[in-house]
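Colleague:
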Amino acid sequence: MKTRSILAAPVLATAVLAATGCPDLDLPPGDVTDPNYWGQAFLNKYEDELVVTELEAGPAPLEEPRVVLLITGVTIPAEWFDPMKQRLERDGFIPVVYEPPDLLSGDLFMNSELLADVVDQVRADTGYDKIDILAECTGGLIARHYIQALGGDQYVNRLVTFISPQHGLPKAAEAHAIAGWDALEDLTPGSTFLETVNNAPMPENVPISSIYTCTDEYIQPYETSIIPGAKNIGLCDGFVGHFQFFYDPAIYLVMHAELVAPLPGEEAGPGPSDLPEGNDPPAVDEEDLLGEGESDVGDVSADANADGQGGCSTSGSPASGGLALLALGAAGVMARRRRRTA
Numbered sequence: 353m354k355t356r357s358i359l360a361a362p363v364l365a366t367a368v369l370a371a372t373g374c375p376d377l378d379l380p381p382g383d384v385t386d387p388n389y390w391g392q393a394f395l396n397k398y399e400d401e402l403v404v405t406e407l408e409a410g411p412a413p414l415e416e417p418r419v420v421l422l423i424t425g426v427t428i429p430a431e432w433f434d435p436m437k438q439r440l441e442r443d444g445f446i447p448v449v450y451e452p453p454d455l456l457s458g459d460l461f462m463n464s465e466l467l468a469d470v471v472d473q474v475r476a477d478t479g480y481d482k483i484d485i486l487a488e489c490t491g492g493l494i495a496r497h498y499i500q501a502l503g504g505d506q507y508v509n510r511l512v513t514f515i516s517p518q519h520g521l522p523k524a525a526e527a528h529a530i531a532g533w534d535a536l537e538d539l540t541p542g543s544t545f546l547e548t549v550n551n552a553p554m555p556e557n558v559p560i561s562s563i564y565t566c567t568d569e570y571i572q573p574y575e576t577s578i579i580p581g582a583k584n585i586g587l588c589d590g591f592v593g594h595f596q597f598f599y600d601p602a603i604y605l606v607m608h609a610e611l612v613a614p615l616p617g618e619e620a621g622p623g624p625s626d627l628p629e630g631n632d633p634p635a636v637d638e639e640d641l642l643g644e645g646e647s648d649v650g651d652v653s654a655d656a657n658a659d660g661q662g663g664c665s666t667s668g669s670p671a672s673g674g675l676a677l678l679a680l681g682a683a684g685v686m687a688r689r690r691r692r693t694a
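Counted the way our numbering counts, the sequence shown spans residues 353 to 694.
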């Protein structure tokens, strides 16, 4: 494994530079086949956006606190959830962030079983019989498998996923051949893991929502996020970026709305528009972001497994293939750097 990493590093770096069209891109030193390398690199690039100096006015707080488990995806450190965690605490939730081992680059069956242990521990620590789950990227897949096949439906009220490739990544196999991450093998369309998750019956007692953007720089085709039988919400009116989901207050309201949506048999509670009296609304207008609201896209497109770009960590350039999947969209970072220096 170490030999493969040493050999793959210059190949990956060269592919990233070629794919982005930015030969002067200054990649930080390190092992580019290490998921922690990309996790830290992109965390550094977005560090300003992840700092919330003053919270905007939020929805009416929950009448009774609820525990929500936040699950990170591949190459995403727990710190990405800091803005979301602050807003959830403001709104009456008890957020607990779970960062899977090795930034969820390992076997997804195994990580689903580890998630079962984590949920048991969270329930024991908080005293709550059931919790909610809000999961990003591949975290949404292990959460689905836990709920659908490992008995998690007994302990979870609702599952909300966002920017999550529920049907895999078209270039995952190529990336796996270079980096050797087991998660990439599991994310290859047609893998045993994906077939298991997507052929399992949807739980009748746990509502599942999938929130995605049609203009994601990294998850394309976006149809990979659509779960037949679930509530699929596409943010498709104007540009909405991948990493924007972590810090944008308007996108948070979309997630919040799903977390407070009544369960089967419950009466509707306060919605995201029910702000405390005397407070100003959030700075970003939710209606401007959502457009027509819930996307009526139906089932997954027949082209969802085609040879296009897709996944939590792809480049926007089709020339990059699976190599750029590991590069986590370096083109987007370069564009951000240019905008900041302009």
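Note that CB positions come from ideal geometry on N, CA and C, so glycine has one too.
Exposed or buried, Val403, counting other C-beta atoms within 10 Å across all chains shown (16 or more means buried)?
Modeller: Exposed.
Colleague: Can you tell me whether Asp477 is buried or exposed, with buried defined as 16 or more other CB within 10 angstroms of its CB?
Modeller: Asp477 is exposed by the Cβ-count criterion.
Colleague: Could you check the C-alpha separation between Lys482 and Tyr507 for me, to the nearest Å?
Modeller: Using only the alpha carbons, I get a separation of about 5 Å.
Colleague: Is the Cβ-Cβ distance between Thr576 and Gln518 less than 8 Å?
Modeller: Result yes, Cβ atoms of Thr576 and Gln518 sit closer than 8 Å.
Colleague: Pair every Cβ in the stretch 591-601 with every Cβ in the stretch 550-570, then say whether three or more of these pairs are closer than 8 Å.
Modeller: As far as the Cβ criterion goes, the stretch 591-601 touches the stretch 550-570, which means the pair count is three or higher.
Colleague: Just verifying my parser: in three-state terms, what is the DSSP assignment at Glu639?
Modeller: Here the model assigns Glu639 a pLDDT of 37, short of 50, so the residue's position is not dependable, and the following value carries that caveat. Helix at Glu639.
Colleague: Which ranges would you report for the beta strand (DSSP E) in the stretch 477-543 if only whole runs of at least 3 residues count?
Modeller: Runs of the beta strand (DSSP E) inside the stretch 477-543: 483-488, 508-514.
Colleague: Quick one: grab the DSSP three-state call for Ile560.
Modeller: Ile560 falls in the strand class under three-state DSSP.
Colleague: What's the C-alpha gap between Arg442 and Ala527?
Modeller: The alpha-carbon atoms of Arg442 and Ala527 are separated by roughly 40 Å.
Colleague: Have a look at Thr424, Ile563, Ile579 and flag the residue whose alpha-carbon is nearest the alpha-carbon of Pro555.
Modeller: Checked all of Thr424, Ile563, Ile579; the closest Cα to Pro555 is Ile579.
Colleague: Could you work out which residue in Phe445, Pro614, Thr544, Leu440 is closest to Pro559 when comparing CA atoms only?
Modeller: Comparing Cα positions, the closest option is Pro614.
Colleague: Could you say which of Glu610, Gly617, Tyr599 lies nearest to Glu406 if we only look at CA atoms?
Modeller: Per the Cα distances, Tyr599.
Colleague: Helix, strand or coil: which one does DSSP assign to Pro411?
Modeller: Here Pro411 sits in coil by DSSP.
Colleague: Distance check for Tyr480 and Ala529, CA to CA, integer angstroms please.
Modeller: The straight-line gap from Cα to Cα measures roughly 42 Å.
Colleague: Quick one: is Thr544 buried, meaning 16 or more other Cβ sit within 10 Å of its Cβ, or exposed?
Modeller: Exposed: under 16 other Cβ atoms inside 10 Å.
Colleague: Closer than 6 Å by C-beta to Leu486: which residues in its own chain qualify, once you throw out the five before and the five after it? Chain order, please.
Modeller: Contacts found: Val420, Leu422, Val512.
Colleague: If you draw a straight line from the alpha carbon of Gly504 to that of Phe461, how long is it in whole angstroms?
Modeller: Gly504 and Phe461: Cα-Cα distance of roughly 14 Å.
Colleague: Since Ile585 is in the beta strand (DSSP E), which residue starts that stretch and which ends it?
Modeller: From DSSP, the beta strand (DSSP E) with Ile585 extends over 583-587.
Colleague: What does the Cβ neighbour count give for Ala552, buried or exposed, with the cut at 16 atoms within 10 Å?
Modeller: The residue is exposed, with fewer than 16 neighbouring Cβ atoms inside 10 Å.
Colleague: Name the DSSP beta bridge partners of Val333, please?
Modeller: Because the chain here runs from 353 to 694, residue 333 falls outside it and cannot be looked at.
Colleague: With DSSP collapsed to three states, give me the class of Leu467.
Modeller: It is helical.
Colleague: How is Leu421 classed by DSSP in three states: helix, strand or coil?
Modeller: Leu421: strand per DSSP, three-state reduction.
Colleague: Are the Cβ atoms of Leu456 and Gly425 separated by less than 8 Å?
Modeller: Cβ distance < 8 Å, so Leu456 and Gly425 count as in contact.
Colleague: In the DSSP output, what is Phe445 paired with across the bridge?
Modeller: Per DSSP, Arg418.
Colleague: Quick one: what's got a C-beta closer than 8 Å to Asp417's C-beta in the same chain, skipping five residues either side?
Modeller: A quick correction: the sequence has Pro, not Asp, at residue 417. Correct list, in chain order: Gly444, Phe445, Ile446.
Colleague: To the nearest angstrom, how far is it from the Cα of Arg475 to the Cα of Asp469?
Modeller: Each residue's Cα considered, the two are about 10 Å apart.
Colleague: Just mark Pro453 as buried or exposed, buried being the case when its beta carbon has 16 or more other beta carbons within 10 Å.
Modeller: By the 10 Å Cβ count, Pro453 comes out exposed.
Colleague: Whose CA, out of Val384, Ala430, Val448, lies closest to the CA of Leu395?
Modeller: Ranking the options by Cα distance to Leu395, first place goes to Ala430.
Colleague: Compare the C-alpha of Ser516 against each of Thr548, Ile585, Val448 and name the closest.
Modeller: Taking only the C-alpha atoms, the option nearest Ser516 is Ile585.
Colleague: Going by DSSP, name the residue or residues bridged to Thr565.
Modeller: According to DSSP, which records beta bridges pairwise, Thr565 is partnered with Leu587.
Colleague: Kindly indicate which three-state DSSP category Leu440 falls into: helix, strand or coil?
Modeller: It is helical.
Colleague: With C-beta atoms as the reference, is Leu493 less than 8 Å away from Val549?
Modeller: Taking 8 Å as the Cβ cut-off, Leu493 and Val549 qualify as a contacting pair.
Colleague: Determine the contact status of Ser561 and Glu610, defining contact as a CB-CB distance below 8 Å.
Modeller: Yes. Within cutoff.
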